[in-house]
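Residue numbers (the numbering used here), protein chains in the order written: chain A, 11 to 88; chain B, 58 to 407.
Ideal placement from N, C-alpha and C gives every residue a C-beta, glycine not left out.
From a predicted model like this one, the values you see are computed outputs, not experimental measurements.
The next block holds one structure in the form of structure tokens; read it before the comments.
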């Protein structure tokens, strides 16, 4: 009727790893996955606000630091 | 005229932090027959009496008064002008100057998504000159083939007060009528606008703006909108702050309806960039747009491009076909999310 303790223990051991701890790579992958879901979920207003504020700050940084083009300068001689 | 107005009202971006003129060299003799009252300075073309210590502070203040911050509506304008304007279909505009004061224009718009139309417009500029390129009164109007009218009358009542009346009709029915008065002080601007006032029904909208220069670079202000109709009335308030740097303008508007932030950056004479952030608490939506404007005067070419957080990419190209009085405009907008494409082509003659 009930799953045996040994099989339950085996299941838990599989889920948490042989020594009971998650591997660092799986933790990082989980964090990256959750960050991607956070960034692409458009149903949450606060999340949209944070993402767009970050994009605004990035746009301001690009405008201030990566716009030193001089289109009228002479072409370099190759 | 509009560009001169813009630079005059906003203050030249590049000169916003220009250094104070150096004090005159001590011992400089005044021009014969010329005396300078204490506390006042003279323009650098004439030698001046060097100021004493007690009056140097007053002279500093007299030479560097706080500038007028410009109109409230123009706080975000510099950034908005960088972005391309969406256009769809084929447009042909013919401008014809009848005299120094009067000009007419014909606009034919052929569209696939909406109705094609013809508009006749006219502009009258009076002879009362108030500035280098400002003449009043100004009357602008246009009417389309269905009889819908747009008209504006702008007049400078006094040296500090400017008024405007605007009307808009849909065929024979008035849909929008408003009047406003703007007062420009030494270091502030105040505006009051009455929108669609209807004394019989008891409805209307009143909008008041106030913008104050705190420092030569910082201006703070607010907007109050009061609306009323039978059985309902309400008000909305928002605050605005604008900081003008050596080659940038940062503006922030905060209110109960949402927030609007814009950053304008002039990289050089050819390249200008703009970043805009808008958040609406009512619509529960936010968006960010990045745009740039490329000017190549030698090629008589202007290119504007933009990309925003709604996955809309757009661009416009404007080229003057000198020596002909022709200007060509190409426009293209792509909405990747909705998989929609819009293209426009325009020719302006005159």
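Between residue 337(B) and residue 314(B), which are expected to be in contact by the criterion C-beta below 8 Å, what is the C-beta distance as a whole number of angstroms? The count along the second chain starts at 1 and reaches residue 337(B) at position 280. The count along the second chain starts at 1 and reaches residue 314(B) at position 257. The pair is a contact, with the Cβ atoms about 7 Å apart (cut-off 8 Å).
Which of the three DSSP states is assigned to residue 371(B) in this structure? Position 314 of the second chain, counted from the first residue, corresponds to residue 371(B). Note: residue 371(B) maps to strand in three-state DSSP.
How many Å lie between residue 238(B) and residue 157(B) at the Cα? Taking the second chain and counting its residues from 1, one reaches residue 238(B) at position 181. Taking the second chain and counting its residues from 1, one reaches residue 157(B) at position 100. So the two alpha carbons sit approximately 27 Å from each other.
For residue 229(B), which residues of its own chain have a beta-carbon under 8 Å away from its beta-carbon, when the five flanking residues on both sides are left out? In the second chain, residue 229(B) corresponds to position 172, counting from 1. Within the same chain, residue 229(B) has close Cβ partners 204.
Inter-stretch contact at 8 Å, needing at least 3 Cβ pairs: the segment 120-132 of chain B / the segment 163-171 of chain B: no
Does chain B have any CB closer than 8 Å to the CB of residue 77(A)? Counting from 1 along the first chain, the entry for residue 77(A) is found at position 67. So yes, residue 77(A) belongs to the interface.
How would you write the range of the beta strand (DSSP E) that residue 406(B) sits in, first residue to last? Residue mapping note: residue 406(B) aligns to position 349 of the second chain, counting from 1. Residues 397-406.
Could you check if residue 369(B) is buried or exposed, using at least 16 other CB atoms within 10 Å of its CB as the buried criterion? Translated into positions along the second chain, residue 369(B) becomes position 312. Residue 369(B) comes out buried.
Distance check for residue 122(B) and residue 96(B), CA to CA, integer angstroms please. Reading the second chain from its first residue, position 39 is the one you call residue 96(B). Reading the second chain from its first residue, position 65 is the one you call residue 122(B). Note that residue 96(B) has pLDDT 44, beneath the 50 cutoff, so the model's placement of it is unreliable and the number below is only indicative. Rounded to the nearest angstrom, the two C-alpha atoms are 14 Å apart.
Three-state secondary structure (DSSP) at residue 340(B)? Translated into the one-based positions of the second chain, residue 340(B) becomes position 283. Of the three classes helix, strand and coil, the one that applies to residue 340(B) here is coil, per DSSP.
Based on the DSSP secondary-structure assignment, which residues constitute the bridge partners of residue 223(B)? To locate residue 223(B), count along the second chain from 1; it is residue 166. Paired residues: 209(B) and 235(B).
With a threshold of 16 other CB atoms inside 10 Å of the CB of residue 83(B), please say whether the residue is buried or exposed. Residue 83(B) sits at position 26 when you count from the first residue of the second chain. Note on residue 83(B): pLDDT 41, under 50, position unreliable in the model; the coordinate value appears next. The residue is exposed, with fewer than 16 neighbouring Cβ atoms inside 10 Å.
In three-state terms, what does DSSP make of residue 152(B)? As a first step, residue 152(B) is located in the second chain; it is residue number 95 there, counting from the start. Looking at residue 152(B) - three-state DSSP - the assignment turns out to be strand.
In the structure shown, what three-state DSSP assignment does residue 272(B) receive? Numbered from 1 along the second chain, position 215 holds the residue referred to as residue 272(B). Of the three classes helix, strand and coil, the one that applies to residue 272(B) here is coil, per DSSP.
Which same chain residues end up closer than 6 Å to residue 139(B) when comparing Cβ atoms and leaving out the 5 residues on each side of it in sequence? Indexing the second chain from 1 puts residue 139(B) at position 82. Only 329, 331, 348 and 350 meet the Cβ criterion.
Assuming residue 407(B) contacts residue 382(B) under a Cβ cut-off of 8 Å, what Cβ separation, rounded to an integer in Å, is found between them? Here residue 407(B) refers to the residue found at position 350 of the second chain. Here residue 382(B) refers to the residue found at position 325 of the second chain. 5 Å between Cβ atoms; contact.
With C-beta atoms as the reference, is residue 343(B) less than 8 Å away from residue 75(A)? Indexing the second chain from 1 puts residue 343(B) at position 286. Indexing the first chain from 1 puts residue 75(A) at position 65. For residue 343(B) and residue 75(A), no; Cβs fall outside 8 Å.
C-beta neighbour in chain E for residue 74(A), strict 8 Å: Protein chains A and B are contained in the structure displayed, whereas chain E is not.
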